[in-house]
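Residue numbers for the sequence shown, in the numbering used here: 120 to 335. Even for Gly, the Cβ is constructed at its ideal location relative to N, Cα and C.
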Amino acid sequence: MSKLVPSFLEAETVLFEPGEVVAAVYFPLDGVVSLVTPLQDGAIVEVATVGNEGVVGVPAVLGGSLAVRAISQVAGRSLTMTTSSFLGEVALNEPLARLVQNYVQALFGQISQAAACNRLHSSEQRLSRWLLMSRDRVGKDQFPISKEFLGQMLGAPRATVTLAAGVLQKEGLISYRRGLIEIVDGKRLEVVACECYRVIRAEFDGVTAAAGTQPE
120 MSKLVPSFLE
130 AETVLFEPGE
140 VVAAVYFPLD
150 GVVSLVTPLQ
160 DGAIVEVATV
170 GNEGVVGVPA
180 VLGGSLAVRA
190 ISQVAGRSLT
200 MTTSSFLGEV
210 ALNEPLARLV
220 QNYVQALFGQ
230 ISQAAACNRL
240 HSSEQRLSRW
250 LLMSRDRVGK
260 DQFPISKEFL
270 GQMLGAPRAT
280 VTLAAGVLQK
290 EGLISYRRGL
300 IEIVDGKRLE
310 VVACECYRVI
320 RAEFDGVTAA
330 AGTQPE
């Protein structure tokens with residue numbers, strides 16, 4: 120798609136607000152974008168994340184909007200194109216249309232799984248899931264994020280995030296210092312994480328595998 124334009128998304132950059140016309144779609148390369156639901160008291164709750172497996176701004180309809188805020192969670196490179204150009208490409212390219220449809224299905228699966236996770240699983244499990252998913256998208260074990268922002272993403276008070284991170288750090292699974300989180304033992308962190316991480320990853324691995332079998 121020749122209409123893609125390279126860009127860099129700084130952390131906490133808002134791409135669009137709920138109800139705002141989605142003018143462009145974004146393909147993160149090595150950063151992470153959160154889709155969050157803002158509440159009247161100013162709190163936000165993350166409902167999904169998008170990284171190098173997906174696209175931010177779908178389901179896209181020309182002049183349409185989404186009921187979420189898209190905000191850059193971990194800074195990184197991205198490719199972007201206008202919504203009209205993206206929809207034009209999808210309309211002309213059947214394999215691409217199928218791929219987008221599969222991705223949207225997996226995205227809604229992630230949203231449903233995250234809703235259950237936020238309701239039923241412990242802070243340590245949810246934090247482990249979040250860290251592992253971010254690692255997969257960024258492609259490395261270390262990335263910067265503050266406890267305040269992490270608390271917003273998890274829908275938890277800063278004290279709760281501090282306690283959960285302290286538990287994981289004491290067990291030698293992560294290291295956290297000066298706004299920088301490092302996954303020290305990914306295998307053991309996967310054991311601590313709830314099944315939601317594996318379910319969501321399997322969904323997107325399926326989309327990626329299907330993309331690899333698409334005809335040119």
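Considering just the uninterrupted stretch of the alpha helix (DSSP H) at residue i, what are its terminal residues?
i           : result
residue 217 : 213-239
residue 195 : Residue 195 -> not in any alpha helix (DSSP H); beta strand (DSSP E) instead, spanning 195-201.
residue 253 : 242-257
residue 267 : 266-273
Let me confirm a value: residue i is counted as buried when at least 16 other C-beta atoms fall within 10 Å, else exposed. Which label applies?
i           : result
residue 160 : exposed
residue 184 : exposed
residue 147 : buried
residue 162 : exposed
residue 175 : buried
residue 138 : exposed
Taking DSSP as the reference, what is the three-state secondary structure of residue i?
i           : result
residue 291 : coil
residue 204 : helix
residue 180 : coil
residue 141 : coil
residue 132 : coil
residue 190 : strand
residue 284 : helix
residue 310 : helix
residue 174 : coil
Starting from residue i and walking both ways along the beta strand (DSSP E), at which residues does that stretch end?
i           : result
residue 159 : Where residue 159 is concerned, there is no enclosing beta strand (DSSP E), given that its DSSP letter is neither H nor E.
residue 301 : 299-302
residue 126 : 124-128
residue 263 : 261-263
I'd like to know whether the C-beta atoms of residue i and residue j end up nearer to each other than 8 Å.
i           : j           : result
residue 318 : residue 233 : no
residue 265 : residue 298 : yes
residue 225 : residue 323 : yes
residue 329 : residue 218 : yes
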